[in-house]
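Residue numbering for the sequence shown follows the numbering used here, beginning at 74 and increasing consecutively.
Using N, Cα and C, we set each Cβ at its ideal position, and we do this for glycine too.
Every value quoted in this text rests on a predicted model; they were computed, and no experiment measured them.
Some notes on the structure that comes next.
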Amino acid sequence: MGKERIRVYAWEFPVRLTHWINVLCILALSFTGFYIGNPFIHAISSKQYIMGWMRYIHFVAAYTFLMSVIVRLYWAFMGNRYASWRVLVPLTGRQWKDLWDAVKFYLFISRKPPYAVGHTALAGLVYFFIFALFVFQIISGFALYSLTHEGTIWTLLGGWLTGVMHLQTIRLYHHLAMYVILVFAAAHIYIGWYLDARERNGLMGSIFSGYKFVTGKEWE
Ligand code: HEM
Ligand code: HEM
């Protein structure tokens with residue numbers, strides 16, 4: 074066996090940093106957001122300020138999330154080729170072929186895992202939709218926020234949406250998008266673990282260290 078593996082630096086610091094900030098923010102936003110929609114902890118004294126804290130944490134995490142998404146979008150234009158916006162949208166014939174190969178692998182039609190140094194074409198496309206959903210959460214979130222906070226900045230960040238959709242529709246979509254993100258996260262962790270075991274390329278460690286260990290098949 075003993076095949077030589079090459080160590081490549083795939084995920085630069087901003088990619089890893091924003092990944093983990095997003096994960097922490099999403100956990101906090103989902104917990105507090107669920108509570109805002111369905112306050113399952115009841116106050117037993119007027120000194121408790123449970124909803125106030127939940128909303129406060131939701132908004133602090135929301136601002137952090139906004140900054141993190143802005144940094145990652147900036148890095149899609151300034152970062153290395155694995156971080157580029159080009160891997161998120163399939164524009165080349167090569168990407169469409171890779172996309173199809175990956176779909177075949179996940180549908181058990183092919184045994185060949187989708188080798189790639191960066192994201193596979195399928196992962197890239199899924200992340201594109203997830204980033205779009207992040208942007209939707211920010212816009213719809215600030216639309217709700219603009220009701221209690223008056224100012225041009227909130228109108229720009231999301232308040233304008235209240236002129237396009239009914240408020241309760243915005244609230245419903247803001248809530249439903251949470252479930253889509255959480256289902257994505259579960260599948261994402263499962264697939265990451267599975268590919269790491271199949272390809273033995275250090276994928277799971279790579280989102281901490283930045284490095285992957287590849288055989289060369291990735292360039293074929
Ligand atoms: C709320 C939970 C999570 C979300 C929304 C999420 C989202 C994402 C996104 C959008 C990317 C693309 C990164 C980029 O190009 O900037 C990514 C990559 C990655 N994530 Fe996550 N992630 C989550 C949790 C996790 C966890 C818990 C792990 C591992 C323990 C993990 C492992 C990875 C790995 C290994 C990659 C890079 C490899 C690849 O799929 O191309 N993620 N994740
Ligand atoms: C991954 C990101 C996010 C998730 C999962 C999330 C989740 C939720 C959920 C489930 C609710 C309750 C909706 C309901 O049933 O009434 C909510 C409410 C809300 N969210 Fe988010 N949210 C996210 C991001 C944001 C952002 C970026 C903002 C921006 C300020 C924001 C602002 C708000 C506001 C203002 C409310 C209504 C609070 C109230 O009515 O008192 N959210 N969120």
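Query	Result
Contact check, residue 258 vs residue 123, beta carbons under 9 angstroms	no
Nonlocal neighbours in the same chain, by C-beta distance under 7 angstroms from residue 206, ignoring five residues either side	250, 253, 254
heavy atom of ligand 1 below 8 angstroms from residue 40 C-beta	Limits of the chain in this structure are 74 at one end and 293 at the other, which puts residue 40 out of reach.
Residue 296 vs residue 213 beta-carbon contact at 9 angstroms	What is shown of the chain runs 74 to 293, which leaves residue 296 out entirely.
Residues near residue 74 by beta carbon distance below 7 angstroms, same chain, minus five either side	Reliability of the predicted coordinates at residue 74 is poor, the pLDDT of 45 falling under 50, and the value obtained from them is presented with this limitation in mind. Taken in chain order, the list of residues that qualify is empty.
Residue 135 and residue 102 closer than 9 angstroms at C-beta	yes
Through-space distance from residue 155 to residue 88, alpha-carbon basis	10 angstroms
Backbone CA spacing between residue 228 and residue 171 [nearest angstrom]	41 angstroms
Near ligand 1: residue 88 beta-carbon under 8 angstroms from a heavy atom	yes
Closer than 8 angstroms: residue 156 CB and nearest ligand 1 heavy atom	yes
Close-in-space but distant-in-sequence residues of the same chain around residue 110 (CB under 6 angstroms, 5 per side omitted)	248
Range of the contiguous alpha helix (DSSP H) that encloses residue 159	Element bounds for residue 159: n/a, residue is neither H nor E.
Distance, residue 211 Cα to residue 201 Cα	15 angstroms
For residue 252, the three-state DSSP class (helix, strand or coil)	helix
Residue nearest to residue 178 in terms of C-alpha spacing, selected from 166, 132, 196	196
Backbone secondary structure at residue 114 - three-state DSSP	coil
Nonlocal neighbours in the same chain, by C-beta distance under 7 angstroms from residue 280, ignoring five residues either side	84, 89, 92
Residue 194 classed as buried or exposed, judged by whether at least 16 other C-beta atoms fall within 10 angstroms	buried
For residue 243: DSSP bridge partner residues	Residue 243 is not bridged to any residue.
Near ligand 1: residue 260 beta-carbon under 8 angstroms from a heavy atom	no
Residue 175 Cβ short of 8 angstroms to ligand 2 heavy atom set	no
Closest Cα partner of residue 217 within the set 245, 140, 115	245
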